[in-house]
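S.K.: First to last, the protein sequences are chains A and B. Going by my numbering, 44 is the number at position 44 of the first sequence; the sequence numbering is gapless. Going by my numbering, 148 is the number at position 148 of the second sequence; the sequence numbering is gapless. Once you've had a glance at the structure underneath, I'll fire off some questions.
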Amino acid sequence: MRTVFYILAVWTMTSGILAISMRNMVHCALALIAFFVGIAGIFFSLRAEFLGAVQIIVYVGAIAVLILFAIMLTRDITGSEDISPFSGGSVWGWLISLVVLCVLVYSLQDQVTSVIPDIPPGLAVENIGRGFMTRFAIPFEVISLLLTAALVGAVVIALEEPRGKAE
Amino acid sequence: MDWLRNIYEFVDQIFVKLAGLIHWLVHWIFSFLGFSVPSWMPTVVSLLLTIVPILVLFPAIFAWTTWAERKLLGRIQNRIGPNRVGPVGLFQPIADGIKTLIKEDIVPARADKFVHTLAPILLVIPAFTVLTVLPMGRNMIPTDLHIGVLFFFAAGSISEVAIFLAGWASHNKYSLIGGMRAIAQMISYEIPFILSAVTVVMIAGTLSTSKIVEAQTLHWFVEDPEGFLENTRRIGCHFVNNVGGWFVFQPWGFFGFIIFFISALAELNRSPFDIPEAESEIIAGHHTEYSGFKFALFAIAEYISMVAVCGLGVTLFLGGWNGPKPIPSWAWFFLKVFSLMFVMIWIRGTLPRMRVDQLMGFAWKFLLPMALINIFAAGLWHHIPSRPIGWVISAGLLILAYQLLSKWVIGKGIQKRTYRYA
């Protein structure tokens with residue numbers, strides 16, 4: 001189990017570092033996809049298989065595609081501009097990231113446990129579903145409303161102006 | 001008739017027994033040579049026994065599916081198809097394979113070499129990975145994941161990214177447009193695809209593919225298994241038990257299967273949804289700039305995904321490996337998968353291509369509401385206490401929804417066709 005975690009950790013961290021330091025933006029997005037897959041692998045190794053699969057569906061299948069489209073539509077379409085992570089005022093970015101890292105490590109150091117809860121695998125999915133329908137029903141409905149609003153907003157933004165109507 | 005039952009059991013489980021034999025053989029070789037068997041050996045042997053047959057069998061299925069497709073399309077189009085290379089053209093895939101291996105591998109000068117090479121590889125990986133969650137026979141599933149169906153969709157969403165990267169990396173405007181259209185189509189049709197599978201998961205109560213197949217076996221009239229029933233009644237009950245439980249015979253299963261099949265055709269970019277790779281539209285879309293073996297990898301990914309998606313359709317709706325006795329369970333599975341692939345090839349030869357706005361309208365305005373109403377009808381079917389009335393009510397709801405939606409989407413309805421002669 002430790003070796004699995006070490007392999008996944010090395011994969012995740014390498015792709016994370018590559019995602020911020022490569023010169024071609026689309027290569028950065030690809031490294032981000034590898035990062036998401038690494039996180040999904042960590043979920044699988046912690047026996048949270050549902051979360052791992054949903055991570056791949058949502059992050060790799062939807063958010064990474066969104067990021068790729070955003071890169072293409074807002075920059076040079078071939079993505080061949082060179083951007084460097086060490087340019088200009090990036091020292092403030094590095095400083096802020098370091099501060100955030102220290103705060104996170106400090107606040108999580110009492111929560112780290114190396115015991116994987118011993119839930120039979122099928123029960124985990126069932127618990128999530130039952131939780132959504134009973135105890136967390138209201139947050140579930142609120143999230144659905146939020147997603148619907150986002151969808152309608154996206155359609156409205158992309159809608160063409162109807163011609164022939166005054167203004 | 002016990003000996004007949006024993007023969008059936010043996011043939012049905014022959015691959016499981018073969019795997020056991022190989023385990024025993026490895027153990028025996030180790031102990032014969034005097035080494036003690038290391039503790040990781042059974043795990044490694046099981047892994048190899050799972051992976052190697054898949055890697056051997058499914059590329060062979062891919063090769064002869066290309067042959068079958070060319071022959072069948074030829075017959076539908078009133079011509080013969082390949083008949084030079086082997087007895088009926090049977091060695092054509094081997095000739096094609098050699099051809100793709102010796103072709104020059106052209107990468108456009110300003111293309112992104114790394115992504116250009118990565119995209120077909122990234123496309124083939126999910127195609128093979130999802131084959132591991134399909135139950136190919138009784139006790140014959142390569143990996144029995146508890147989230148089998150969800151894993152299938154997760155791996156499927158990686159192939160969308162791969163197609164877009166293929167289109168983008170070629171540095172060609174037609175590839176880019178083809179890649180964007182492909183991804184728009186795949187994302188739009190992924191929703192009815194997943195929602196129709198959600199119906200089955202909801203009724204079966206589990207995401208595990210092997211349990212979904214087991215949920216499609218009925219257990220009627222088993223009160224007298226080896227008693228004094230007449231043969232016909234026993235055979236009839238056996239038939240009903242193994243065939244009547246398939247989800248496709250329920251109204252939500254029938255509509256769900258049709259929605260699943262149509263969305264699967266669109267996910268695979270196959271006719272009539274092959275706008276992204278149509279030669280008369282956009283040269284070849286996202287695989288314009290690929291030659292040689294990378295193009296063969298695109299074809300491998302498409303056909304193996306076709307097998308995998310047909311396999312999932314068979315598992316979710318057509319009863320998986322269930323089937324009446326004389327034919328073993330693995331034979332039933334592959335029979336059903338090959339029939340579905342035959343239907344896919346048949347549709348390709350018959351229907352004209354859809355325009356891209358018709359395609360999108362069909363997904364969002366028709367298939368998605370139908371899939372949602374299908375979930376609702378499945379819930380009704382499940383909760384109405386008397387099953388026949390529940391069947392009729394949910395069937396009526398679905399037919400009503402179909403009529404209303406089709407009128408709303410098409411508009412005035414299909415008008416009478418007028419012909420003008422020159």
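Glycine included, each C-beta is placed from N, C-alpha and C at the ideal position. None of the values given here were measured: they were computed from a predicted structure.
1. Name the two residues that bound the continuous alpha helix (DSSP H) containing B/Pro93.
2. Can you check whether the CB of A/Ala40 is closer than 9 Å to the CB of A/Ala31?
3. For the alpha helix (DSSP H) containing B/Gln77, list its first residue and its last residue.
4. Assign A/Cys102 to buried or exposed, taking buried as 16 or more other Cβ atoms, counted over all protein chains shown, within 10 Å of its Cβ.
5. Among residues of its own chain, excluding the 5 on either side of B/Ile300, which ones have a beta-carbon nearer than 8 Å to its beta-carbon?
6. Is A/Phe86 buried or exposed, if buried means 16 or more other CB atoms sit within 10 Å of its CB?
7. Kindly indicate which residue of B/Trp40, B/Ala162 and B/Met306 has the alpha-carbon position closest to the one of B/Thr117.
8. To be precise: take each residue of the segment 47 to 59 of chain A, compare its Cβ to all Cβ atoms of chain B, and keep it if any distance is under 9 Å. Which residues remain?
9. When you compare only the Cα positions, how much space is there between A/Ile63 and A/Leu147?
10. Identify every run of the alpha helix (DSSP H) within the segment 117 to 176 of chain B, keeping only runs that are complete inside it and at least 4 residues long; order them along the chain.
11. At what residues does the alpha helix (DSSP H) containing B/Trp381 begin and finish?
12. By the DSSP assignment, the alpha helix (DSSP H) with B/Lys407 in it spans what residues?
13. Counting contacts by CB-CB distance shorter than 9 Å, is A/Gly131 in contact with chain B?
14. Got a sec: is the Cβ-Cβ distance from B/Trp408 to anything in chain A below 9 Å?
15. Taking 8 Å as the line, does the beta carbon of B/Phe35 fall inside it for any heavy atom of the ligand MG?
16. Considering only residues of the segment 18 to 71 of chain A, which uninterrupted beta strand (DSSP E) runs meet the minimum length of 3 residues and lie entirely inside it, listed in chain order?
17. Report the residues of the segment 22 to 41 of chain A with a CB closer than 9 Å to any CB of chain B, ordered along the chain.
18. Would A/Ile42 and B/Ile158 be called neighbours here (beta carbons separated by less than 9 Å)?
19. Give the secondary structure of B/Ala109 by DSSP, where H, G and I count as helix, E and B as strand, and everything else as coil.
20. Is there a C-beta anywhere in chain A that falls below 9 Å from the one on B/Trp3?
21. How big is the Cα-Cα spacing for A/Ile157 and B/Ile147?
22. Thinking C-beta only, is B/Leu359 closer than 9 Å to B/Phe273?
23. Alpha carbon to alpha carbon, what distance is there between A/Val105 and A/Gly79?
24. Taking the CB atoms as reference points, tell me whether B/Leu195 and B/Leu372 lie closer together than 9 Å.
25. Rounded to the nearest angstrom, how far is the Cβ of B/Leu405 from that of B/Phe366, given a contact under 8 Å?
26. By the 10 Å Cβ neighbour count, where 16 or more other Cβ atoms means buried, how is B/Gly137 classified, buried or exposed?
27. Please confirm whether A/Leu68 has its beta-carbon closer than 9 Å to some beta-carbon of chain B.
28. Using the Cβ count rule (16 or more neighbours within 10 Å means buried), how would you classify B/His219?
29. Show which residues of chain A have a CB atom less than 8 Å away from the CB atom of B/Phe164.
M.R.: Answer, in terms of the structure:
1. The count along the second sequence starts at 1 and reaches residue 93 of chain B at position 93. Its alpha helix (DSSP H) spans residues Gln92 to Ile102.
2. Here residue 31 of chain A refers to the residue found at position 31 of the first sequence. Here residue 40 of chain A refers to the residue found at position 40 of the first sequence. Contact flag unset, no.
3. Taking the second sequence and counting its residues from 1, one reaches residue 77 of chain B at position 77. Looking at the DSSP string, B/Gln77 is not in any alpha helix (DSSP H), and its letter there is neither H nor E.
4. To locate residue 102 of chain A, count along the first sequence from 1; it is residue 102. So A/Cys102 ends up on the exposed side.
5. Counting from one through the second sequence, the residue named residue 300 of chain B turns up at place 300. Excluding five sequence positions before and after B/Ile300, the CB atoms of its chain that fall closer than 8 Å to its own CB belong to Pro59, Phe62, Val124 and Ala127, given in chain order.
6. Numbered from its first residue, the first sequence carries residue 86 of chain A at position 86. It is exposed - the Cβ of A/Phe86 has fewer than 16 other Cβ atoms within 10 Å.
7. The residue labelled residue 117 of chain B in the question sits at position 117 within the second sequence. Nearest of B/Trp40, B/Ala162 and B/Met306 to B/Thr117, Cα basis: B/Ala162.
8. Here the close residues are Glu49, Phe50, Gly52, Ala53, Val54, Gln55, Ile56, Ile57 and Val58.
9. Translated into the one-based positions of the first sequence, residue 63 of chain A becomes position 63. Translated into the one-based positions of the first sequence, residue 147 of chain A becomes position 147. Near 14 Å, if we compare the C-alpha coordinates of A/Leu147 and A/Ile63.
10. Correct list: 148 to 169.
11. As a position in the second sequence, residue 381 of chain B is number 381, starting the count at 1. For B/Trp381, the enclosing alpha helix (DSSP H) stretches over residues Leu368 to His383.
12. On the second sequence, position 407 is the one that residue 407 of chain B refers to. In this chain, the alpha helix (DSSP H) harbouring B/Lys407 covers Arg387 to Ile410.
13. Residue mapping note: residue 131 of chain A aligns to position 131 of the first sequence, counting from 1. Output row for A/Gly131: interface = no.
14. The sequence position of residue 408 of chain B within the second sequence is 408, counting from 1. For B/Trp408, the answer is no, since every Cβ of chain A falls outside 9 Å of its Cβ.
15. No copy of the ligand MG appears in this structure; indeed no ligand is present at all.
16. Look at the segment 18 to 71 of chain A and you find no whole run of beta strand (DSSP E) that is 3 residues long or longer.
17. The residues in question are Asn24, Val26, His27, Leu30, Ile33, Val37 and Ala40.
18. In the first sequence, the residue the question calls residue 42 of chain A occupies position 42. In the second sequence, the residue the question calls residue 158 of chain B occupies position 158. No.
19. Position 109 of the second sequence, counted from the start, is the residue given in the question as residue 109 of chain B. Here DSSP, grouped into helix, strand and coil, assigns B/Ala109 to coil.
20. The residue labelled residue 3 of chain B in the question sits at position 3 within the second sequence. The beta carbon of B/Trp3 sits no closer than 9 Å to any beta carbon of chain A.
21. As a first step, residue 157 of chain A must be located in the first sequence, where it is residue number 157. As a first step, residue 147 of chain B must be located in the second sequence, where it is residue number 147. A/Ile157 and B/Ile147: Cα-Cα distance of roughly 37 Å.
22. Position 273 of the second sequence holds residue 273 of chain B. Position 359 of the second sequence holds residue 359 of chain B. In contact: B/Phe273 and B/Leu359 (Cβ atoms closer than 9 Å).
23. In the first sequence, counting from the first residue as 1, residue 79 of chain A sits at position 79. In the first sequence, counting from the first residue as 1, residue 105 of chain A sits at position 105. With a pLDDT of 49 at A/Gly79, under the threshold of 50, the modelled position of this residue cannot be trusted; read the value that follows with caution. Straight-line Cα distance between these residues: approximately 35 Å.
24. What you label residue 195 of chain B is simply residue 195 of the second sequence in a count that begins at 1. What you label residue 372 of chain B is simply residue 372 of the second sequence in a count that begins at 1. Taking the C-beta atoms as reference points, B/Leu372 is found nearer than 9 Å to B/Leu195.
25. Reading the second sequence from its first residue, position 405 is the one you call residue 405 of chain B. Reading the second sequence from its first residue, position 366 is the one you call residue 366 of chain B. Rounded, the Cβ-Cβ distance is 6 Å, consistent with contact.
26. Within the second sequence, the letter at position 137 stands for residue 137 of chain B. By the neighbour-count criterion, in which a residue is buried when 16 or more other Cβ atoms sit within 10 angstroms of its Cβ, B/Gly137 is buried.
27. Translated into the one-based positions of the first sequence, residue 68 of chain A becomes position 68. Output row for A/Leu68: interface = yes.
28. For the purposes of this step, residue 219 of chain B is taken as the residue at position 219 of the second sequence. The residue is exposed, with fewer than 16 neighbouring Cβ atoms inside 10 Å.
29. Residue mapping note: residue 164 of chain B aligns to position 164 of the second sequence, counting from 1. Residues of chain A passing the Cβ test: Val65 and Leu68.
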